[in-house]
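Heads up: the structure comes next, in structure tokens.
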Amino acid sequence: EAQVTQNPRYLITVTGKKLTVTCSQNMNHEYMSWYRQDPGLGLRQIYYSMNVEVTDKGDVPEGYKVSRKEKRNFPLILESPSPNQTSLYFCASSLTGLDNTIYFGEGSWLTVV
Amino acid sequence: AQKVTQAQTEISVVEKEDVTLDCVYETRDTTYYLFWYKQPPSGELVFLIRRNSFDEQNEISGRYSWNFQKSTSSFNFTITASQVVDSAVYFCALSERGLNAGKSTFGDGTTLTVKP
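In order, the protein sequence lines correspond to chains A and B.
Letter by letter, the first sequence follows residues 12 to 124 of the numbering used here.
Letter by letter, the second sequence follows residues 459 to 574 of the numbering used here.
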């Protein structure tokens, strides 16, 4: 089954404690992306990757890091989380990112206290 | 910079009514893609449609139809004979193809409530 898998789905953490949200897809997609969703603000893109070893900033990259060492994985790293990073995070993938169906993970609820 | 505006924050209709969700976009790119997504109360995001800037043909898929008009920079979504299961937040999004290929911008979403 084609899917995008995110972990953890739910996490409460403390300010400053590094955390990683993993994202894995099983469709051999070139394109992967991270978004955050906040009430009233829709989805905002954090980082995206057009292929292995290629990553670019979205609209809200501050406070986040990503890596794309292999095609299937695109982890989101919060080096020093702060309360304003409390949000719902979505990972997505598509074959090329330009003209194909986009598949989303189920979302990860992160709370930073 | 690209921008997507969904002016309707919330819409409420009664089942079987038709409803149109508006989407207006801004971009300097001549080649771009427009998307609609659905987010039901369960929270997942569902891709509905992609349209590229060269294809202004309207699209119909069952009760759903999309009207793309480059002249007005709009990509509106109509649900015909709405059903309670259509209740969701709907997002319009834009992705350029040029130097910022892969970068996407979402509207703030329209919450549609369909009452029985």
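Don't be surprised by glycine CBs; every beta carbon is placed ideally from N, CA and C.
Item checked: Assigned secondary structure, residue 95/A (DSSP; H/G/I helix, E/B strand, else coil) -> Residue numbering aside, residue 95/A sits at position 84 when the first sequence is read from its first letter. It is helical.
Note to self: Quick test of your reading: residue 482/B and residue 463/B, contact by CB under 8 angstroms. State the CB separation rounded to the nearest angstrom.
What the structure shows: Taking the second sequence and counting its residues from 1, the one referred to as residue 482/B is at position 24. Taking the second sequence and counting its residues from 1, the one referred to as residue 463/B is at position 5. Contact holds; Cβ gap of about 5 angstroms.
Item checked: Boundaries of the beta strand (DSSP E) in which residue 85/A is found, first to last residue -> Counting from 1 along the first sequence, the entry for residue 85/A is found at position 74. That residue, residue 85/A, is in no beta strand (DSSP E); it is neither H nor E in DSSP.
Check: What is the rounded straight-line gap between the Cα of residue 528/B and the Cα of residue 514/B?
Finding: Taking the first residue of the second sequence as 1, we reach residue 528/B at position 70. Taking the first residue of the second sequence as 1, we reach residue 514/B at position 56. Those two C-alpha atoms are separated by around 7 angstroms.
Check: Along chain B, in chain order, which residues have C-beta atoms closer than 8 angstroms to that of residue 61/A?
Finding: Translated into positions along the first sequence, residue 61/A becomes position 50. Within chain B, the residues near residue 61/A are 559, 560.
Next item on the list: Throw me the rounded Cβ distance for the residue 569/B and residue 547/B pair, which I believe falls under 8 angstroms.
Entry: To locate residue 569/B, count along the second sequence from 1; it is residue 111. To locate residue 547/B, count along the second sequence from 1; it is residue 89. Confirmed, Cβ separation roughly 5 angstroms.
Next item on the list: Note down, in chain order, every chain B residue with its Cβ under 8 angstroms from the Cβ of residue 42/A.
Entry: Taking the first residue of the first sequence as position 1, residue 42/A is located at position 31. Correct list: 560.
Next item on the list: Just list the beta strand (DSSP E) runs in the segment 487 to 562 of chain B, keeping only unbroken ones of 3 residues or longer that don't cross its boundaries, in chain order.
Entry: With a minimum length of 3 residues, the continuous beta strand (DSSP E) runs that stay inside the segment 487 to 562 of chain B are 490 to 497, 504 to 510, 517 to 519, 522 to 527, 532 to 537, 546 to 554.
Next item on the list: Determine which residues share a DSSP beta bridge with residue 68/A and list them.
Entry: Locating residue 68/A in the first sequence gives position 57, where the first residue counts as 1. Answer is 58/A, bridged to residue 68/A.
Item checked: Chain-ordered chain A contacts of residue 566/B [CB-CB under 7 angstroms] -> Against the second sequence, residue 566/B aligns to sequence position 108. 51, 52, 53, listed in chain order.
Item checked: C-beta contact flag for residue 559/B and residue 109/A at 8 angstroms -> Walking along the second sequence from the start, residue 559/B turns up at place 101. Walking along the first sequence from the start, residue 109/A turns up at place 98. It is a contact, given that the beta carbons lie within the stated cut-off.
Notebook entry, point to check: Three-state secondary structure (DSSP) at residue 28/A?
Noted result: Position 17 of the first sequence, counted from the start, is the residue given in the question as residue 28/A. Residue 28/A sits in coil when the DSSP states are folded into three classes, being neither helix nor strand.
Next item on the list: Specify the secondary structure class of residue 109/A as computed by DSSP and reduced to three states.
Entry: For the purposes of this step, residue 109/A is taken as the residue at position 98 of the first sequence. Three-state DSSP puts residue 109/A in coil, outside helix and strand.
Margin query: Taking the straight line between their C-alpha atoms, what separation do you get for residue 85/A and residue 28/A?
Written below: For this step, residue 85/A is matched to residue 74 along the first sequence. For this step, residue 28/A is matched to residue 17 along the first sequence. Cα to Cα, residue 85/A sits roughly 20 angstroms from residue 28/A.
Notebook entry, point to check: Buried or exposed: where does residue 41/A fall if 16 or more other Cβ atoms within 10 Å of its Cβ makes it buried?
Noted result: Mapped onto the first sequence, residue 41/A falls at position 30. It is buried - the Cβ of residue 41/A has at least 16 other Cβ atoms within 10 Å.
Margin query: Measuring alpha carbon to alpha carbon, tell me which residue in 531/B, 486/B, 485/B, 493/B is nearest residue 567/B.
Written below: Taking the first residue of the second sequence as position 1, residue 567/B is located at position 109. Checking every option, the nearest Cα to that of residue 567/B belongs to 493/B.
Next item on the list: Could you have a look at residue 47/A and say whether DSSP puts it in helix, strand or coil?
Entry: Reading the first sequence from its first residue, position 36 is the one you call residue 47/A. Here residue 47/A sits in strand by DSSP.
Note to self: Short of 8 angstroms Cβ to Cβ, which residues in the segment 65 to 92 of chain A face chain B?
What the structure shows: Along the segment 65 to 92 of chain A, the positions whose C-beta sits under 8 angstroms from a C-beta of chain B are 67, 69, 70, read in chain order.
Next item on the list: Using 10 angstroms around the beta-carbon of residue 69/A, count the other beta-carbons present and answer buried if the total reaches 16, otherwise exposed.
Entry: Taking the first sequence and counting its residues from 1, one reaches residue 69/A at position 58. Answer is buried; the Cβ neighbour count reaches 16.
Notebook entry, point to check: So is residue 92/A buried or exposed if we call it buried at 16+ other beta carbons inside 10 Å?
Noted result: Stepping through the first sequence from its first residue, residue 92/A is reached at position 81. Buried, since its Cβ has 16 or more Cβ neighbours within 10 Å.
Notebook entry, point to check: Hey, is residue 112/A's beta-carbon within less than 8 angstroms of any beta-carbon in chain B?
Noted result: Within the first sequence, residue 112/A is the residue found at index 101, counting from 1. Yes, its Cβ sits closer than 8 angstroms to a Cβ of chain B.
Margin query: With the cut-off set at 8 angstroms, would you say residue 116/A and residue 24/A are in Cβ contact?
Written below: The residue you call residue 116/A lines up with position 105 of the first sequence. The residue you call residue 24/A lines up with position 13 of the first sequence. Cβ atoms of residue 116/A and residue 24/A: not closer than 8 angstroms.
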